[in-house]
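Protein chains in written order, with this note's numbering: chain V, 295 to 571; chain E, 21 to 350; chain S, 252 to 591; chain B, 2 to 145.
Positions of the beta carbon are idealized from the N, C-alpha and C atoms, including for glycine.
Owing to the predicted nature of the structure, the values given are computational and were not obtained by experimental measurement.
Heads up: the structure comes next, in structure tokens.
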């Protein structure tokens with residue numbers, strides 16, 4: 295049979311490591327059965343993971359493209375597929391296809407800029423890819439500020455990596471916050487949008503936002519209040535997807551398909567879309 | 021042709037709107053070709069005068085809309101109930117699906133509705149329709165004006181009308197009718213008289229046309245679950261398309277079973293089916309069986325009655341005897 | 252132009268069927284028509300159109316994509332695709348031929364859908380000109396000429412003959428293969444038929460329907476139109492309109508566990524369904540109004556925006572005939588565009 | 002090719018309190034009944050939803066039998082009375098759709114009726130064997 299490539303037909307992947315990040319988020323390391331990375335990707339792109347018989351779902355690739363050995367996915371337990379994945383062990387095979395969507399413009403628009411990353415909860419997952427990319431090519435970017443908030447200290451994703459690696463990099467400032475006071479936490483307490491305003495960033499930055507919709511909404515307002523222009527702010531959307539290539543129609547918002555034209559959007563582009571995401 | 025006229029309904033609707041009894045009217049809105057009538061909510065006299073119609077194609081049963089509309093709208097809503105709609109109305113009240121206090125129901129007599137499919141099978145290119153005493157005068161694209169007798173295009177559910185009596189209303193327009201000793205089970209009986217092979221072939225032919233649009237379910241006044249088992253991924257039977265003939269059968273058996281004892285036999289399922297599958301024959305089979313095994317029961321005849329499948333007696337027939345019953349009859 | 256005597260019609264079907272499967276409209280018991288395989292004795296329907304559109308033949312309601320075998324932690328993916336065999340779709344109306352173009356732009360754009368592409372490449376479309384359009388027809392609104400259908404071969408049926416004209420190489424090869432049954436003909440009878448039909452088309456009740464109010468770039472203008480509230484208020488949320496529509500192409504991908512393995516299949520889905528956009532964290536279209544708006548905005552604004560102004564509606568009139576509450580795209584277009 | 006002897010697959014839904022114990026007793030008493038009967042224990046015969054019956058057929062059952070306490074003896078007072086009506090209606094509907102009526106059965110088997118359980122199963126298996134494979138309510142995907 296000599297039929298053309300079919301994007302809907304995935305590859306087999308295997309879980310080689312499971313890291314418990316928070317009570318409801320685990321990070322899975324995935325390679326092909328022969329130990330290679332399944333495919334190359336760019337920061338912000340996504341992949342479809344599936345467990346046959348359970349379902350297929352889109353996840354952002356949290357590892358940086360500069361990691362040529364494997365891919366990582368930080369996955370929060372919230373639906374059928376994720377629940378199944380959370381009880382999976384090392385050695386479990388799954389299927390993987392991708393990469394899908396447009397990446398962050400790390401090599402053109404972001405180049406030479408001061409970067410401000412703002413994430414809430416599991417929203418750090420897609421940003422980790424960009425952050426590590428920028429850290430890898432440190433000289434191509436200006437200062438890097440990272441604002442990350444979660445419900446509690448235990449809910450901070452990649453906490454060890456943030457403290458041990460990110461915070462120690464030259465020119466990288468990490469600002470962590472949690473929603474409520476907690477024993478053993480001497481950092482900032484409060485919601486991300488307020489913290490961003492308190493930090494009073496100068497506007498000579500390109501901001502990248504990801505988190506729950508309500509956080510995005512208020513942080514965006516906060517940034518605009520600080521004087522940021524919407525063309526300086528990028529975010530990444532999430533909608534229900536089935537095909538990943540703009541055909542099944544599910545993630546259609548206005549004339550865009552989030553899987554194909556997104557998931558990365560500049561905030562002024564979002565204003566042109568109907569408010570349905 | 022309907023004895024109740026559009027003008028009568030409009031007068032009533034405008035009166036109730038303007039004296040503040042109701043704040044909205046659930047009624048029929050005119051379409052492009054006189055037969056494509058859409059249910060609509062009217063809130064002003066102007067809207068009513070411009071769009072409200074009532075004719076032989078106003079078959080849609082409004083009862084189910086009350087479930088959503090009474091929750092959403094402020095004040096009372098006026099609904100017009102044809103006799104068969106009034107049974108659904110009562111059944112929904114029995115199941116506590118809407119607040120009776122929020123509805124003002126006007127019963128209207130009905131002379132039987134027309135079936136668009138029957139009309140279209142007779143006449144090509146319908147431009148407009150005039151209703152006269154002796155029949156419809158259909159203005160067509162190809163054959164000029166064609167006269168069609170009402171009886172020729174009457175919907176099956178109306179030919180076999182079970183009752184012309186409005187069982188629920190605050191006010192009645194026109195005269196109330198009587199419960200009719202109809203021949204509605206004859207077709208079921210003739211199917212029962214076939215051999216299993218013939219029955220199987222018959223139903224395969226019908227059900228294989230199903231496209232699983234769910235119109236039968238969504239239009240059914242008895243299907244008011246917040247979440248249907250066929251939409252629920254957790255149910256294990258969620259499916260969106262009949263992949264195999266089994267799934268066709270399962271959907272239709274379960275759909276009919278889930279409304280068994282609650283189905284008032286209003287016939288909406290068959291009316292809305294884009295593939296003209298006689299779905300009422302499934303519902304009527306259950307009704308016929310229940311009538312024969314557990315005593316006559318008409319869902320929706322009175323509010324609060326207990327349906328056969330949520331009731332029992334110690335001396336009920338055994339499942340095996342249900343088959344024997346059929347054989348003894350034959 | 253070639254001419255086939257209607258007396259030879261069955262010979263023609265039989266000759267084609269020797270090497271290829273032919274699908275053509277046939278009557279069903281309830282008086283409607285559907286596309287079915289031709290076999291000896293099959294009667295070609297006179298119906299204007301089928302209830303289900305011929306898109307089924309390229310994009311079937313359900314189709315298996317792949318299979319999985321799982322053993323312990325291991326997964327094996329089995330590619331079950333088969334290259335389609337050559338087949339003929341006979342008697343496709345002009346509107347439906349146009350719908351293939353609408354679907355092509357979705358399925359044949361990169362990355363190409365190999366399932367669809369395989370069938371599309373192997374299909375020969377014999378399109379049939381209309382002579383008795385119905386009151387629900389409005390293909391002219393979308394610039395379609397029902398008297399001159401596209402497709403690989405265009406056909407005109409008169410009282411005594413079927414006239415055939417090839418439009419593509421595939422079509423020419425097809426006509427060549429049945430040359431023995433046909434004869435050369437002039438276009439007089441066809442031209443007369445076209446003129447007559449064109450006159451009827453002008454008199455259709457929906458002849459003056461226009462798309463002026465719609466097209467790419469109108470999202471902002473139309474999005475908050477109060478019409479959506481008003482027109483969607485009695486929508487049942489069923490999938491009839493989407494399933495009978497020749498251009499609706501949304502699908503779902505689902506797994507079925509057979510007990511011996513898993514079949515991943517796709518099936519049609521409908522944006523009218525409440526579950527369509529439901530995710531683990533919520534649903535971005537919660538009301539029927541939003542779903543209703545999505546369907547029409549997609550056909551009349553979003554799709555043209557992405558496809559050089561081509562609308563995702565071909566005016567076949569199926570939704571007009573089949574919607575349980577008779578709400579349809581024409582009513583929406585007239586309401587928004589201003590009722591004339 | 003040698004024809005393999007046809008053995009039907011039977012699914013028996015048995016109520017926990019009577020019929021399942023009856024099946025147990027049949028086993029203890031070394032009463033013979035075919036091994037092709039697969040027992041699914043349910044808390045009450047009333048737990049059996051029509052969908053269970055259909056799904057059993059979908060997944061390859063050739064016959065489905067439902068066993069519960071004798072009417073009047075239900076552990077939950079009235080569960081089996083409801084079952085009786087429901088299954089009567091469902092089986093009548095299956096028959097109406099042309100599905101062989103011998104493929105479905107309801108039988109009341111108490112905990113003391115091991116012999117009845119075995120006899121019922123033997124009889125049911127015999128009837129279903131005579132009918133042959135379930136073709137009318139099958140899902141071909143499950144037979145691949």
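Within the region 61–136 of chain B, the runs of alpha helix (DSSP H) that reach at least 4 residues and sit entirely inside it are, in chain order, 80–97 and 115–132.
DSSP, read as helix, strand or coil, puts residue 340 of chain E in helix. For residue 214 of chain E, there is no enclosing beta strand (DSSP E), as DSSP gives it neither H nor E. If you draw a straight line from the Cα of residue 49 of chain B to the Cα of residue 276 of chain E, it is about 17 Å long. The beta carbons of residue 355 of chain V and residue 339 of chain V sit about 6 Å from each other, so the pair counts as a contact at 8 Å.
Here the C-alpha atom of residue 322 of chain E lies approximately 22 Å from the C-alpha atom of residue 97 of chain E.
If you look at residue 191 of chain E, you'll find it in the beta strand (DSSP E) that goes 191–193.
Membership of residue 314 of chain S in any alpha helix (DSSP H) is not indicated; the residue belongs instead to the beta strand (DSSP E) covering 313–322. With a cut-off of 8 Å on Cβ pairs, the region 102–111 of chain E is in contact with the region 128–146 of chain E, counting three or more such pairs.
In this structure, residue 567 of chain V lies near residue 548 of chain V, with their beta-carbon atoms less than 7 Å apart. Relative to residue 333 of chain E, the option among B/139, B/73 and B/112 whose CA is nearest is B/73. Within chain B, 142 have C-beta atoms less than 7 Å from the C-beta of residue 514 of chain S, given in sequence order.
Any Cβ of chain E closer than 7 Å to the Cβ of residue 484 of chain S would place that residue at the interface, and such an atom is present. It is roughly 15 Å from the alpha-carbon of residue 508 of chain V to the alpha-carbon of residue 564 of chain V. Put simply, the CB of residue 294 of chain E is near chain S, with a gap under 7 Å to one of its CB atoms.
Rounded to the nearest whole angstrom, the CA to CA distance from residue 269 of chain E to residue 227 of chain E is 7 Å. In terms of CA proximity to residue 359 of chain V, V/397 leads the group V/482, V/514, V/397 and V/490.
Residue range 349–354 is occupied by the beta strand (DSSP E) that includes residue 353 of chain V.
Boundaries around residue 472 of chain S are those of the alpha helix (DSSP H), 470–474, since no beta strand (DSSP E) includes it. Under the DSSP assignment, residue 518 of chain V falls outside any beta strand (DSSP E), being part of the alpha helix (DSSP H) whose first and last residues are 507–519.
The continuous stretches of alpha helix (DSSP H) do not include residue 201 of chain E, and DSSP gives it neither H nor E. Counting every other CB atom within 10 Å of its CB across the protein chains shown gives residue 579 of chain S a total of 16 or more, marking it as buried.
Interface with chain S (7 Å Cβ-Cβ cutoff): residue 476 of chain V is excluded. At a beta-carbon threshold of 9 Å, the residues of chain E lying near residue 85 of chain B are 332, 336, 337, 338 and 339, ordered along the chain. Neighbours of residue 280 of chain S across chain E, judged by C-beta separation under 7 Å: 225. Judged by DSSP secondary structure, residue 291 of chain E falls within the alpha helix (DSSP H) whose first and last residues are 288–292.
In the structure shown, the three-state DSSP call for residue 288 of chain S is strand.
Leaving aside the five residues that flank residue 437 of chain V on each side, the residues in its chain whose CB is nearer than 6 Å to its CB run, in chain order, 408 and 465. With a 10 Å radius around the Cβ and a threshold of 16 neighbouring Cβ atoms, residue 83 of chain E comes out buried.
With fewer than 16 other CB atoms across the displayed protein chains lying within 10 angstroms of its CB, residue 113 of chain B is exposed. Chain E places no beta carbon closer than 7 Å to that of residue 422 of chain S, leaving this residue out of the contacts. Per the DSSP secondary-structure output, residue 407 of chain S pairs in a beta bridge with S/414. Between residue 510 of chain S and chain B, the shortest Cβ-Cβ separation is below 7 Å. Assignment of residue 534 of chain V by DSSP, reduced to helix, strand and coil, places it in the coil class.
Listed as beta-bridge partners of residue 365 of chain V by DSSP are V/324.
With fewer than 16 other beta carbons inside 10 angstroms of its own, residue 31 of chain B counts as exposed.
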